Every structure is written in C-alpha cells, then in structure tokens.
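S.K.:
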Amino acid sequence: MNMLEKSPTHLRSYRLTVILIAAIILVFVILLSIMVGTVQFTVHEIFGLLKGELRGELVNQIIVNVRMPRVFTGVFVGMNLAVAGVLLQGILRNPMASPNIIGVNAGAGLAAVIIMTVVPGKIGAIPIASFTGALAAAFLIYLLSNTSGKSSTVHIVLAGIAVSNLMNAVTSGLMMINSDLLEITYSWLLGSLSGRSWTAVNTIWPYSVIALMAALFISPKVNLFGLGDEMASSIGLPVRFYRILIMLVAAVLAGSAVSVAGTIGFVGLIAPHSARLLIGNDHRYLVPLSAIFGAILLIASDTVARTVFQPVELSVGIITSILGAPFFLLLLYKKGKERQI
14 MNMLEKSPTH LRSYRLTVIL IAAIILVFVI LLSIMVGTVQ FTVHEIFGLL KGELRGELVN
74 QIIVNVRMPR VFTGVFVGMN LAVAGVLLQG ILRNPMASPN IIGVNAGAGL AAVIIMTVVP
134 GKIGAIPIAS FTGALAAAFL IYLLSNTSGK SSTVHIVLAG IAVSNLMNAV TSGLMMINSD
194 LLEITYSWLL GSLSGRSWTA VNTIWPYSVI ALMAALFISP KVNLFGLGDE MASSIGLPVR
254 FYRILIMLVA AVLAGSAVSV AGTIGFVGLI APHSARLLIG NDHRYLVPLS AIFGAILLIA
314 SDTVARTVFQ PVELSVGIIT SILGAPFFLL LLYKKGKERQ I
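Using our numbering, the first residue of the sequence shown is number 14, and each one after it goes up by one.
#1: Just to check my reading of the structure: I231 and V265 have Cβ atoms closer than 8 Å, yes? What is that Cβ distance to the nearest angstrom?
#2: Measuring CB atoms only, is the region 335-344 touching the region 119-129, in the sense that at least three cross pairs come out at less than 8 Å?
#3: Verify whether the separation of the beta carbon atoms of V273 and I217 is less than 9 Å.
#4: If I measure Cβ to Cβ from R25 and keep anything under 7 Å in the same chain, skipping five residues before and after, which residues do I get?
#5: Identify, in the order they occur along the chain, each residue of the same chain with its Cβ nearer than 7 Å to the Cβ of Q323, setting aside the five sequence neighbours on each side.
#6: Keeping to the same chain, check which residues put their C-beta closer than 7 Å to that of R28; ignore five residues upstream and five downstream.
#7: What does a CB cutoff of less than 6 Å around N113 pick up in its chain, not counting 5 residues either side in sequence?
#8: Ordered along the chain, which non-local residues of its own chain (more than five positions away) have a Cβ less than 8 Å from that of S314?
#9: How big is the Cα-Cα spacing for S46 and G241?
#10: Anyone know if the C-beta pair for T86 and A213 falls short of 9 Å?
#11: According to DSSP, simplified to helix, strand and coil, what is T212?
#12: Just how far apart, CA to CA, sit V183 and S207?
#13: On the three-pair Cβ rule with 8 Å, is the region 72-83 touching the region 252-260?
#14: Buried or exposed, going by whether 16 or more other CB atoms sit within 10 Å of the CB of I305?
#15: Report yes if the C-beta distance between G281 and G307 is below 9 Å; otherwise report no.
#16: What is the C-beta distance between L225 and V96, in whole angstroms, given that I count them as a contact (C-beta under 8 Å)?
#17: Looking at the secondary structure, which residues open and close the alpha helix (DSSP H) in which G98 lies?
#18: Cutting at 6 Å between CB atoms, please list the residues of its own chain near F144, excluding the five before and the five after it.
#19: For L105, tell me which candidate among M81, G173, V321, K64 has the shortest Cα-Cα distance.
#20: So, A175 versus A147, is the Cβ gap smaller than 9 Å?
#21: What does a CB cutoff of less than 7 Å around D295 pick up in its chain, not counting 5 residues either side in sequence?
#22: Could you tell me the distance, in whole angstroms, from the CA atom of L362 to the CA atom of G103?
Structure representation (structure tokens):
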C-alpha cells in the first residue's frame with residue numbers, strides 16, 4: 014500500500030513518524046559534525062563537556078567556541094533556505110523555485126555587499142539589508158514572470174536568471190571598486206560557515222524562529238495555492254494578501270540566511286523535493302520535514318567541505334552546488350517528460 018492509499022489516520026501517523034526519524038537523524042548529524050575534524054572527539058567527551066564533567070582548554074575552545082556555533086549556524090541557515098524554497102514553490106506553483114535559482118539569494122547578497130563595501134561601519138544592518146534585498150528580488154521576478162498573467166516554470170526561471178545576473182554583475186562591480194575587501198566578500202559570496210561564532214547564531218536565530226513559526230502557521234494556506242488562483246479565491250482565500258505575506262516570510266528566511274553565511278545555493282531545491290518524495294505535498298508536514306532536511310543537508314555538506322580535503326577547507330556553497338546542479342537538471346528532465354505525456 015503506497016502513501017496515497019493510506020487512510021487519513023495512517024497517513025498522518027506515517028508523516029509524523031518520518032518527521033520524527035528525520036529529527037533523530039539531524040541530532041546524529043550534529044553530533045558527528047562536532048566530533049570530526051582536524052582534532053577528533055568522542056561522544057563521551059562532548060557530553061562530558063556539556064555536563065561540566067570534562068574540562069580542558071583545548072576541548073572547550075574547539076567544541077564550544079568553534080564547532081558548536083558553526084554547526085548551529087548551519088542548522089538555522091539550512092532550515093531557513095529549505096523552508097524559503099518550500100514557500101516559493103508553493104505560492105508560485107513551480108517546482109524550480111528556490112532562493113538561489115529565482116534570484117532571491119542574489120538580491121540578499123547584493124544588499125549585504127552594499128553594506129559591507131559602501132558603509133562597512135554599519136555591519137549590524139546586514140540582516141535587515143539582506144531581507145530587504147531578498148524581498149525586492151522576489152517581487153521583481155514575480156512581476157517580470159507574470160506579465161502574461163501566468164507564472165510558468167520557464168518564465169520564472171528566465172526572469173530569475175536575468176535578475177540574478179544583473180544583481181551579481183552589480184555585486185562584482187562593488188567588489189572590484191572596493192578591492193581591499195575583495196577577499197572577504199568573495200569568500201562570503203561562495204557561501205561559507207567557516208569562522209562563524211556565537212555572534213552569528215545570535216544574529217540569525219530570532220529571524221529563524223519567528224519566520225519558521227510563521228511558515229508553519231500559514232502552511233495550510235500554501236496548500237490552497239495548489240488549486241490555482243481562481244479556485245483558491247472562490248473558496249475565500251485572499252490570494253494577493255497571502256502571496257505577499259508568504260513572500261515576505263520567504264524573504265526573511267532567505268535574507269537572514271544569506272546575512273550570516275553568504276549565498277549558499279540549492280538547499281532550497283534539494284531539501285523540499287526530497288521531503289516531498291517521502292510525505293507528499295501537504296505543507297503542514299512538508300514545511301517541518303523540509304526544514305529538518307535542509308539542516309541535515311547543510312551540516313553534512315559543511316562537514317565534507319572542511320574534512321575531506323584537509324588541510325584545504327572548501328566553502329560549503331561549493332558542495333551544495335555540486336549536489337544541486339545535477340538535481341536541478343533531473344527536475345528539468347522530469348518536467349520535460351511530463352509535458353510530453
């Protein structure tokens with residue numbers, strides 16, 4: 014009996030079980046990421062340190078001040094990017110929509126680089142600037158792709174590519190003009206969790222908690238967008254209001270992620286589609302599972318980036334792009350096959 018043949022009660026139990034198992038896997042991945050690296054640690058040492066039974070300057074410095082903030086920053090960034098992808102895919106009814114593909118990350122990145130290069134003394138404004146840039150890019154792409162009254166996959170992808178290229182060109186220009194900051198901004202644009210401290214965690218977690226709770230609250234409304242705008246309106250949904258609200262939440266999620274980790278791509282594409290394969294399109298369950306998958310994907314990718322090629326450490330954005338590019342091509346191929354049918 015497949016998922017679609019299950020009774021509503023069994024289907025709900027199945028979905029909750031999948032979410033619980035994914036949460037357990039996330040805890041395991043977090044522990045593994047803290048354990049491995051240039052200096053290896055055991056589970057006993059980690060829990061001993063957390064309980065105050067094991068103290069040591071080296072252990073405390075590496076686990077508490079280096080690896081834990083890096084991992085927890087990755088948890089929030091992965092969750093934010095994945096849920097932003099879910100929301101954008103839901104309201105645009107487009108499987109290709111994700112923060113990096115349709116240009117939301119580029120908007121957030123441009124806004125952040127403007128702060129970093131033009132007014133470096135206002136670093137504290139980066140999260141707000143990234144959110145504003147992400148929101149502006151999302152609305153611009155939506156307007157450009159909706160000129161004919163329909164937002165098809167091709168229209169949105171093409172509009173996203175155009176806007177991304179434009180914003181990336183402006184970003185590159187700013188970096189060249191401010192060449193003294195080139196190394197910092199270049200590393201940041203690749204997407205990285207390297208060197209992230211508890212300051213990064215404290216910067217992102219308020220945005221994450223509020224926006225993720227909002228995403229869970231509005232997830233039933235996202236389901237209605239799958240019916241089409243006319244049908245959703247006929248059953249009483251204020252389509253324009255909720256589309257703007259959901260895009261606002263997605264912009265907060267993507268912008269806050271970019272503000273602390275740079276422009277990491279494809280998490281908002283891989284995680285939602287992987288979750289969708291397991292539990293279907295009900296966003297009440299898809300949002301939390303995608304969030305967990307996003308965190309798992311980003312932490313696992315970062316662990317690979319900093320351990321496999323030692324002593325060289327890659328940016329996590331390189332790993333997610335290596336994974337995401339073939340995934341995106343596979344989606345395009347499946348979409349083409351569906352049209353032929």
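A virtual CB, placed ideally from N, CA and C, is assigned to each residue, including glycine.
In this text, all values refer to a predicted model and were calculated from it rather than measured experimentally.
M.R.: To lay it out plainly:
#1: Along the sequence shown, read from residue 1 onward, the residue named residue 231 stands at position 218. Along the sequence shown, read from residue 1 onward, the residue named residue 265 stands at position 252. About 13 Å separates the two Cβ atoms, so there is no contact after all.
#2: no
#3: One-based indexing of the sequence shown puts residue 273 at position 260. One-based indexing of the sequence shown puts residue 217 at position 204. Against a cut-off of 9 Å, the Cβ pair of I217 and V273 comes out as a contact.
#4: For the purposes of this step, residue 25 is taken as residue 12 along the sequence shown, with counting starting at 1. Here the set comprises nothing.
#5: As a first step, residue 323 is located in the sequence shown; it is residue number 310 there, counting from the start. Result list for Q323: T51, in chain order.
#6: Walking along the sequence shown from the start, residue 28 turns up at place 15. Same-chain partners within the cutoff: I292, Y298.
#7: Counted from its first residue, the sequence shown places residue 113 at position 100. If we look at N113 and ignore the five residues flanking it on each side, its Cβ neighbours are G278.
#8: Here residue 314 corresponds to residue number 301 of the sequence shown, with the count starting at 1. Residues of the same chain with a CB within less than 8 Å of the CB of S314, apart from the 5 flanking positions on each side, are V329, I332, T333, L336 in chain order.
#9: On the sequence shown, position 33 is the one that residue 46 refers to. On the sequence shown, position 228 is the one that residue 241 refers to. Rounded to whole angstroms, S46 to G241 spans 42 Å at the Cα level.
#10: As a first step, residue 86 is located in the sequence shown; it is residue number 73 there, counting from the start. As a first step, residue 213 is located in the sequence shown; it is residue number 200 there, counting from the start. Contact: yes.
#11: Here residue 212 refers to the residue found at position 199 when the sequence shown is read from its first residue. DSSP places T212 in helix when its eight states are reduced to three.
#12: Residue mapping note: residue 183 aligns to position 170 of the sequence shown, counting from 1. Residue mapping note: residue 207 aligns to position 194 of the sequence shown, counting from 1. Straight-line Cα distance between these residues: approximately 25 Å.
#13: no
#14: For this step, residue 305 is matched to residue 292 along the sequence shown. Classification of I305: buried, given that the 10 Å Cβ count is 16 or more.
#15: For the purposes of this step, residue 281 is taken as residue 268 along the sequence shown, with counting starting at 1. For the purposes of this step, residue 307 is taken as residue 294 along the sequence shown, with counting starting at 1. A contact, by the Cβ cut-off of 9 Å.
#16: Locating residue 225 in the sequence shown gives position 212, counting from the first residue. Locating residue 96 in the sequence shown gives position 83, counting from the first residue. L225 to V96, Cβ: 6 Å. Contact.
#17: Stepping through the sequence shown from its first residue, residue 98 is reached at position 85. Taken as a continuous stretch (DSSP letters only), the alpha helix (DSSP H) holding G98 covers 81-105.
#18: Along the sequence shown, read from residue 1 onward, the residue named residue 144 stands at position 131. So the list reads A264, V265, G268, once near-sequence residues are dropped.
#19: The residue you call residue 105 lines up with position 92 of the sequence shown. The candidate whose alpha carbon is nearest that of L105 is G173.
#20: Walking along the sequence shown from the start, residue 175 turns up at place 162. Walking along the sequence shown from the start, residue 147 turns up at place 134. Not in contact: A175 and A147 (Cβ atoms no closer than 9 Å).
#21: On the sequence shown, position 282 is the one that residue 295 refers to. Closer than 7 Å at the Cβ level, and outside the excluded window around D295, lie N236.
#22: Coverage of the chain is limited to positions 14 through 354, which leaves residue 362 absent and any answer about it impossible.
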